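**Student:** Here it is: the structure, laid out below.
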Amino acid sequence: MLNIHNLTVSFQGDDLFSGITFQLKPGDRVGLIGKNGAGKSTLLKIIAGEQEYDTGQIASDKKVSIGFLKQDIDFVKGRTVLEEAYQAFSEIKKLEKQLEEINTQLATRTDYESKAYHDLMIAVNDVQHQYEIHGGYNYKGNTERILQGLGFQREDFNKSTETFSGGWRMRIELAKLLLQDNDILLLDEPTNHLDIESILWLEEFLKNYSGAIMVVSHDKMFLDTITNRTIEISLGKIYDYNKPYSQYLLLRNEIREQQLAAQKNQQKQIAHTEKLIEKFRAKATKATMAQSLIKKLDKIDRIEVDEDDNCVMNIAFPVSQIPGKVVIEIENLEKNYGDKQVLKNVHLRVDRGSKIAFVGQNGQGKTTLAKCIVGEIDFKGHLKLGHNVQIGYFAQNQADYLNGNKTVLDTMIDAANEKNRSKVRDILGAFLFRGDDVDKYVRVLSGGERNRLALAKLLLQPINVLVMDEPTNHLDIKSKNVLKDALQKYEGTLLLVSHDRDFLQGLSSTVYEFKDHKIKEYLGDIDFFLEQRNLQNMREAEKRTIKKEENKIRSELNPLSNKAAYQNRKKIKSLKNKLSKIEASIAKFEKELKEIDFELSINYEETIAQPNFFDNYQKKKNELEVLLNDWELITLEIEEFQ
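In structure tokens, the structure reads:
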């Protein structure tokens with residue numbers, strides 16, 4: 000499907016990666032991993048044809064279609080959610096326009112017996128046939144289904160895309176890609192802006208996807224669920240194994256240990272041979288033997304051990320000063336966005352040294368409460384910070400808080416004060432910004448590098464309370480583990496918003512679940528929260544909560560008795576039988592019309608000479624149109640009953 004051979008990409012004179020070769024085949028589910036800045040996003044852009052490469056070759060089968068979900072997107076203003084999602088169907092929209100133009104002509108012309116009119120009838124049939132082949136009768140329903148799977152409500156469909164945050168716009172872009180049914184799907188951090196239910200839905204969708212997938216993600220559970228192959232970019236090379244992420248790590252370690260053992264044995268043999276050479280060189284009678292050993296030594300294929308990039312961040316969040324016992328006190332807090340109420344009657348007390356996790360679906364108010372606490376947005380009710388509280392805030396949309404026109408070093412110097420300005424370079428080095436890296440402009444940094452810079456900035460301000468909203472977005476897996484370790488050792492107060500169960504495990508002592516404008520407290524860690532809900536993971540927790548609420552609403556609106564439920568199922572079965580008969584009739588008429596069109600194409604004069612030809616032809620077309628309308632009405636009726 001796609002072949003990459005000896006690909007090399009350089010950046011500012013240094014190779015990002017060199018001479019990499021691999022293939023993508025149908026059914027491949029590739030997890031592309033590596034440190035931030037290793038070149039993962041660059042490789043995806045090159046495959047998608049959005050970035051040049053220095054040397055090498057990329058070859059693909061003819062007509063291979065590639066869909067690419069980038070980290071940064073830009074929509075045309077003025078479109079609704081549905082209108083933007085429909086952009087996925089460029090061919091269908093083109094056919095719709097053709098049908099509209101042809102039908103307009105058919106409605107206004109009266110020369111029914113002319114060849115031109117006949118040609119229009121053939122044309123409309125051909126376009127309708129193409130329209131059906133491309134899924135023209137199903138694309139609107141599929142669009143709504145995928146948008147709902149990604150968390151949109153029906154009332155969102157006709158809202159302008161500008162009214163949604165970057166994360167929600169990313170979901171629209173993801174929906175467009177999933178609707179296009181491309182041969183190859185390239186996904187750059189697709190779970191960053193998804194809540195747990197949407198991640199679960201996406202996993203199921205991708206497991207059934209027919210094409211090849213290459214995904215960059217920091218979510219270990221997501222990678223283990225959907226991938227069957229892992230490609231790691233490390234120190235300019237790639238390591239490619241047909242294993243999902245966790246199995247790949249074990250296999251890679253085993254191979255490296257075997258290489259080390261083999262290399263150690265070989266080095267012993269080489270050392271022994273070199274001693275013999277030195278010994279025999281001194282004796283004329285042994286000179287020939289020494290030369291033979293030298294030649295043998297030169298021919299040895301030296302065993303190399305795969306290099307491993309173990310450079311990781313060095314993070315420690317010092318506590319500036321000891322605050323009062325009560326750090327945050329909230330009573331009767333409410334927050335509305337226009338007519339939409341997000342939080343209502345929220346009560347919360349945070350004591351010094353607490354480690355708290357905020358969990359729940361997107362849109363339930365987690366980020367909103369975090370912004371209220373740090374004073375970024377207004378609200379109703381009472382919120383008081385305790386004595387000597389100094390808050391450090393890591394926002395979910397952290398890139399918006401950084402100036403792309405500044406360098407890494409200037410960003411840090413501007414955020415520093417007289418006491419810590421001299422430590423800026425040391426802090427940057429601890430966050431893997433070394434040498435010329437500090438002179439890079441923020442706009443050219445990868446998403447993970449921007450997050451590292453934002454974390455480094457936090458260390459320049461006095462902090463005893465950390466409020467972090469999805470801090471693992473864009474971070475590579477090693478960096479995420481280092482951050483988790485630093486937060487576990489942090490002696491201050493932590494409020495953490497996250498959908499990453501693996502990251503939350505062992506990190507929080509209290510969990511607050513956000514649901515229905517309110518919050519519910521669980522006095523334990525994330526595993527305790529899951530046990531209390533009697534579920535295996537947080538994804539199932541959110542999914543079942545939604546289903547339970549939907550069933551409750553349905554039962555309240557339409558409380559069916561057992562007898563009524565039986566009548567309901569009976570009605571659905573009857574409608575489905577009727578639908579099957581209509582579909583059979585549609586297939587029959589379409590076949591007949593296709594045969595007539597074929598006869599017209601090979602013997603036009605004789606065909607139209609048949610008695611009442613045009614009347615009969617148009618009658619079949621009209622009957623087909625009636626059947627298609629009936630099919631649509633019955634389909635909608637079945638959906639309503641279900």
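Just so it is clear: in the sequence shown, position 450 is 449 by numbering that gives the first Met the number 0, and no numbers are missing. Built from N, CA and C at the ideal position, the CB exists for glycine as well. Small disclaimer: the values here were computed from a predicted structure and weren't measured.
#1: Kindly identify the DSSP beta-bridge partner or partners of Thr471.
#2: Check whether the segment 88-96 and the segment 144-153 touch, using three or more Cβ-Cβ pairs below 8 Å as the test.
#3: Identify the residues that DSSP records as bridge partners of Thr229: which are they?
#4: Quick check on this structure: which residue in Gly352, Ile412 and Val345 has the alpha carbon closest to the alpha carbon of Leu382?
#5: Rounded to a whole number of angstroms, what is the C-alpha to C-alpha distance between Asn157 and Ile637?
#6: With DSSP as the reference, identify every bridge partner of Arg153, one or two as the case may be.
#7: With the cut-off set at 8 Å, would you say Gly38 and Leu15 are in Cβ contact?
#8: Spell out a yes or no on whether the segment 331-341 and the segment 497-506 are touching, meaning 3 or more CB-CB pairs, one atom from each, closer than 8 Å.
#9: Suppose contacts are defined by Cβ-Cβ distances below 8 Å. Is Leu495 in contact with Val441 by that definition?
#10: Would Glu512 be called buried (16 or more neighbouring beta carbons within 10 Å of its own) or exposed?
#11: Measure the alpha-carbon distance for Asn536 versus Arg500 and round it to whole angstroms.
#12: I'd like to check one pair, Ile426 with Met411: are the Cβ atoms closer than 8 Å?
#13: Run through DSSP, which three-state label would Ile321 get?
#14: Output the boundary residues of the alpha helix (DSSP H) element that contains Val423.
#15: Would you mind sorting Glu604 into buried or exposed? The rule is 16 or more other CB atoms within 10 Å of its CB.
#16: If you pair each beta-carbon of the segment 177-191 with each one of the segment 110-125, do three or more pairs fall below 8 Å?
#17: Report yes or no: do three or more beta-carbon pairs, one from the segment 479-499 and one from the segment 315-333, lie closer than 8 Å?
#18: Going by other Cβ atoms of all chains shown within 10 Å of its Cβ, with 16 needed for buried, is Arg144 buried or exposed?
#19: Please list, in chain order, all residues of the same chain as Asp350 whose beta carbon is under 7 Å from its beta carbon, the five residues on each side excluded.
#20: Below 7 Å CB to CB, which residues in the same chain sit around Leu486 once its five sequence neighbours on both sides are set aside?
#21: Let me know the alpha helix (DSSP H) ranges lying completely inside the segment 100-155, each 4 residues or longer, listed in chain order.
#22: Going by the CB atoms, is the gap between Arg228 and Val29 shorter than 8 Å?
#23: Rounded to whole angstroms, what is the Cα-Cα separation between Ile552 and Ile633?
#24: Taking its Cβ as the centre, do 16 or more other Cβ atoms sit within 10 Å of Asn621, making it buried, or is it exposed?
#25: Using only the alpha-carbon positions, how far apart do Asp218 and Gly135 sit?
#26: Name the two residues that bound the continuous alpha helix (DSSP H) containing Thr41.
#27: For the alpha helix (DSSP H) that Thr7 lies in, which residues bound it at each end?
#28: With DSSP run on the structure shown, which of helix, strand or coil describes Arg348?
#29: Could you pull the DSSP bridge partners for Val215 from this structure?
#30: Where does Lys175 sit, in a helix, a strand or coil, going by DSSP?
#31: So, using beta-carbon positions, are Phe221 and Thr190 closer together than 8 Å?
#32: Suppose only complete runs of 3+ residues qualify. What are the beta strand (DSSP E) ranges in the segment 360-412, listed by chain order?
#33: Using the beta-carbon count (16 or more within 10 Å), is Arg103 buried or exposed?
#34: State yes or no: is the C-beta of Leu1 within less than 8 Å of the C-beta of Leu23?
#35: Which whole runs of the alpha helix (DSSP H) in the segment 461-511 are 4 residues long or more, in chain order?
#36: Which of the three DSSP states, helix, strand or coil, is assigned to Leu201?
**Tutor:** Let me lay it out:
#1: Residue numbering aside, residue 471 sits at position 472 when the sequence shown is read from its first letter. According to DSSP, which records beta bridges pairwise, Thr471 is partnered with nothing at all.
#2: no
#3: Counting from 1 along the sequence shown, the entry for residue 229 is found at position 230. For Thr229, which the question treats as bridged, DSSP gives the partners Gly30 and Tyr240.
#4: On the sequence shown, position 383 is the one that residue 382 refers to. Cα-wise, what sits closest to Leu382 is Val345.
#5: As a first step, residue 157 is located in the sequence shown; it is residue number 158 there, counting from the start. As a first step, residue 637 is located in the sequence shown; it is residue number 638 there, counting from the start. Going from the Cα of Asn157 to the Cα of Ile637 covers about 24 Å.
#6: Here the question's residue 153 lines up with position 154 in the sequence shown. Note: Arg153 sits in no beta bridge, so no partner.
#7: On the sequence shown, position 39 is the one that residue 38 refers to. On the sequence shown, position 16 is the one that residue 15 refers to. Yes. Within cutoff.
#8: no
#9: By 1-based counting over the sequence shown, the position of residue 495 is 496. By 1-based counting over the sequence shown, the position of residue 441 is 442. Against a cut-off of 8 Å, the Cβ pair of Val441 and Leu495 comes out as no contact.
#10: To locate residue 512, count along the sequence shown from 1; it is residue 513. Around the CB of Glu512, 16 or more other CB atoms lie within 10 Å, so the residue is classed as buried.
#11: Here residue 536 corresponds to residue number 537 of the sequence shown, with the count starting at 1. Here residue 500 corresponds to residue number 501 of the sequence shown, with the count starting at 1. Reliability fails at Asn536, whose pLDDT of 49 lies under 50, so the model's placement of it is uncertain and the value that follows must be treated cautiously. Roughly 8 Å between the two C-alpha positions.
#12: Numbered from its first residue, the sequence shown carries residue 411 at position 412. Numbered from its first residue, the sequence shown carries residue 426 at position 427. In this structure, Ile426 lies closer than 8 Å to Met411 by Cβ.
#13: What you label residue 321 is simply residue 322 of the sequence shown in a count that begins at 1. DSSP places Ile321 in coil when its eight states are reduced to three.
#14: Looking up residue 423 in the sequence shown gives position 424. Segment Val423 to Ala429, the alpha helix (DSSP H) holding Val423.
#15: Locating residue 604 in the sequence shown gives position 605, where the first residue counts as 1. By the 10 Å Cβ count, Glu604 comes out exposed.
#16: no
#17: yes
#18: The residue you call residue 144 lines up with position 145 of the sequence shown. Classification of Arg144: exposed, given that the 10 Å Cβ count is below 16.
#19: Along the sequence shown, read from residue 1 onward, the residue named residue 350 stands at position 351. Same-chain partners within the cutoff: Lys324, Val325 and Val326.
#20: Mapped onto the sequence shown, residue 486 falls at position 487. Sequence-distant Cβ neighbours of Leu486 in its own chain, meaning closer than 7 Å and more than five residues away, are Leu493 and Leu506.
#21: 114-132 and 138-148
#22: If you number the sequence shown from 1, residue 29 lands on position 30. If you number the sequence shown from 1, residue 228 lands on position 229. It is a contact, given that the beta carbons lie within the stated cut-off.
#23: Here residue 552 refers to the residue found at position 553 when the sequence shown is read from its first residue. Here residue 633 refers to the residue found at position 634 when the sequence shown is read from its first residue. Annotation note: pLDDT 49 at Ile552 (below 50); position unreliable, coordinate value reported separately. Those two C-alpha atoms are separated by around 25 Å.
#24: Position 622 of the sequence shown, counted from the start, is the residue given in the question as residue 621. Exposed, by the Cβ-count rule.
#25: Stepping through the sequence shown from its first residue, residue 218 is reached at position 219. Stepping through the sequence shown from its first residue, residue 135 is reached at position 136. In a straight line, the C-alpha of Asp218 is about 36 Å away from that of Gly135.
#26: One-based indexing of the sequence shown puts residue 41 at position 42. Here the alpha helix (DSSP H) through Thr41 covers Lys39 to Ile46.
#27: On the sequence shown, residue 7 is found 8 positions in, with the first residue counted as 1. Unbroken run through Thr7 is the beta strand (DSSP E), Leu1 to Phe10; no alpha helix (DSSP H).
#28: For the purposes of this step, residue 348 is identified with residue 349 of the sequence shown, where counting begins at 1. Three-state DSSP puts Arg348 in a strand.
#29: The residue given as residue 215 occupies position 216 in the sequence shown. Bridge partners of Val215: Leu31 and Asp187.
#30: Locating residue 175 in the sequence shown gives position 176, counting from the first residue. Look at Lys175 here: in three-state DSSP terms it is helix.
#31: The residue given as residue 221 occupies position 222 in the sequence shown. The residue given as residue 190 occupies position 191 in the sequence shown. Yes, they are a contact pair.
#32: Correct list: 379-384 and 390-393.
#33: Here residue 103 refers to the residue found at position 104 when the sequence shown is read from its first residue. The question names Arg, yet the displayed sequence has Thr at residue 103. That one is exposed.
#34: Residue 1 sits at position 2 when you count from the first residue of the sequence shown. Residue 23 sits at position 24 when you count from the first residue of the sequence shown. Against a cut-off of 8 Å, the Cβ pair of Leu23 and Leu1 comes out as a contact.
#35: 476-488 and 500-503
#36: Mapped onto the sequence shown, residue 201 falls at position 202. In this structure, Leu201 counts as helix in the three-state DSSP scheme.
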